[in-house]
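Note that UniProt numbering numbers the sequence shown so that position 222 is 222, with each residue one more than the last.
Built from N, CA and C at the ideal position, the CB exists for glycine as well.
One structure below.
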Amino acid sequence: MTQIITCIDGSAASDAVRQYGVWAARRLTAPLTFLHVLDERSYPVATDASGNIGLGSREHLLEELAKLDHERAKIALQHGEHMLEAAQQHALAAGVEQVQWRQRHGDLAESVAALQADTRLIVLGLHGEQTSEKPELLGTHIETVIRTASKPVLLTALEYQEPTSVLFAFDGSETAQKGIAMVAQSPLFLGLPIHVVAVSSNPTQELQQQLHAAAKVLAEAGHEVVTKVLAGEVEPTLHGYQAEAGLDMLVMGAYGHSRLRQFLLGSTTTHMLRKSVTPVLVLR
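See the structure below:
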């Protein structure tokens, strides 16, 4: 059975990431894997000082610094193990039947990519260890993970709130239409009201027909559905509607050529994610 990978790093956001991972695992009845990756750039396991031979007392200082780097990495790995074990126990206590953890020393995006073959969903905090105290900044690995991921990525907010309603950002693209089918079929969204919203100052008849078709697919799956076409700039329009309607999860696709999809993983994407106070599910 495909797993849910939930990435935690010890930041202030990790508790919420863990809880969203547990929520997803319970909704999908899927195994849960907690992943902690120690960044090799921040915590090198070894430092090559061979090029500094012959520098006298400075060589000795460099050797001492290398030893300190090694000790820091060792302590950070031990801390990560304790964090992972605690997350595993919390998930088991919350009713997730299959929970494991993995620890890597390297690059987060590469580590996630290596596990994708048997993965159903990737859960990652919008704000990581270096940015959780500054909500205006995004986690340093987010864009890379989304660009390289072949599976949906759930980017979580700083605080956990169980999703009870969904805003689906719709542009009529093939990815958006596939996303509607995915949402309709997924137990992750079972029973949740879904608002399908397109942003267009001049909506075509084709877009209206696509919205109608999307609503039909969701309604047949048992969802309460609302469709809207709104004019304006994508980010403030979507977030404004989301806040006004009280919707606590945003779902959107990645890549493409339309206005809505150009901003995904572009400057507007970064702005959209930076402004988000709710979890964002990026579909593939």
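Which residue wins for smallest C-alpha separation from Arg102, given the options Glu85, Leu207 and Gly172? Glu85
Segment contact flag, the stretch 146-165 with the stretch 177-194, C-beta cutoff 8 Å, min 3 pairs = yes
Going by DSSP, which residues form a beta bridge with Asp39?
Gly106
Helix, strand or coil, according to DSSP, for Met252 in the structure here? strand
Quick check on the burial criterion: 16 or more other C-beta atoms within 10 angstroms. Buried or exposed for Asp39? buried
Task: Extent of the continuous beta strand (DSSP E) run through Arg120 - done: Thr119 to Gly125
task = On a CA-only basis, which of Gly10, Leu68, Val197 and Trp23 is nearest Phe189? Give me that one, please.
result = Trp23
Closer than 8 Å is the cut-off here; do at least three beta carbon pairs connect the stretch 111-118 with the stretch 72-82? no
For Leu273, which residues from the same chain have a beta carbon less than 8 Å from its beta carbon, with the 5 sequence-adjacent residues on both sides left out? Leu126, Leu138, Ile142, Leu155 and Val280
For Thr204, the nearest candidate out of Leu230, Ala169 and Ala13 (CA to CA):
Leu230
Item checked: Supposed contact pair Val251 and Val197 - C-beta distance, whole angstroms, cut 8 Å -> Between Val251 and Val197 the Cβ distance is about 10 Å, and since that is not below 8 Å, they are no contact.
DSSP state of Ala12 mapped onto helix, strand, coil:
coil
Run the CB neighbour count on Ser14, radius 10 Å, all protein chains shown included, and call it buried at 16 or more, exposed below.
buried
Q) What is the C-beta distance between His90 and Arg147, in whole angstroms, given that I count them as a contact (C-beta under 8 Å)? A) That pair is no contact at about 31 Å.
### Query
Would you call Ser201 buried or exposed, if buried means 16 or more other Cβ atoms sit within 10 Å of its Cβ?
exposed
### Query
How many angstroms separate the CA atom of His36 from the CA atom of Leu207?
42 Å
Notebook entry, point to check: What residues are listed by DSSP as bridge partners for Leu230?
Noted result: Val199
Notebook entry, point to check: In chain order, what residues of the same chain have a beta carbon less than 6 Å from the beta carbon of Leu108, not counting five sequence neighbours either side?
Noted result: Val37 and His141
_Considering only heavy atoms of the ligand COA, does any lie closer than 7 Å to the CB of Ser111?_
Among the components of this structure there are no ligands whatsoever, and the ligand COA is therefore not found.
Could you round the C-beta distance between Leu124 and Val145 to whole angstroms and report it? I think they count as a contact, below 8 Å.
6 Å
Problem set entry | Length of the line joining the Cα atoms of Thr119 and Leu32 | 10 Å
* Segment limits, beta strand (DSSP E) that includes Leu155 -> Val153 to Thr156
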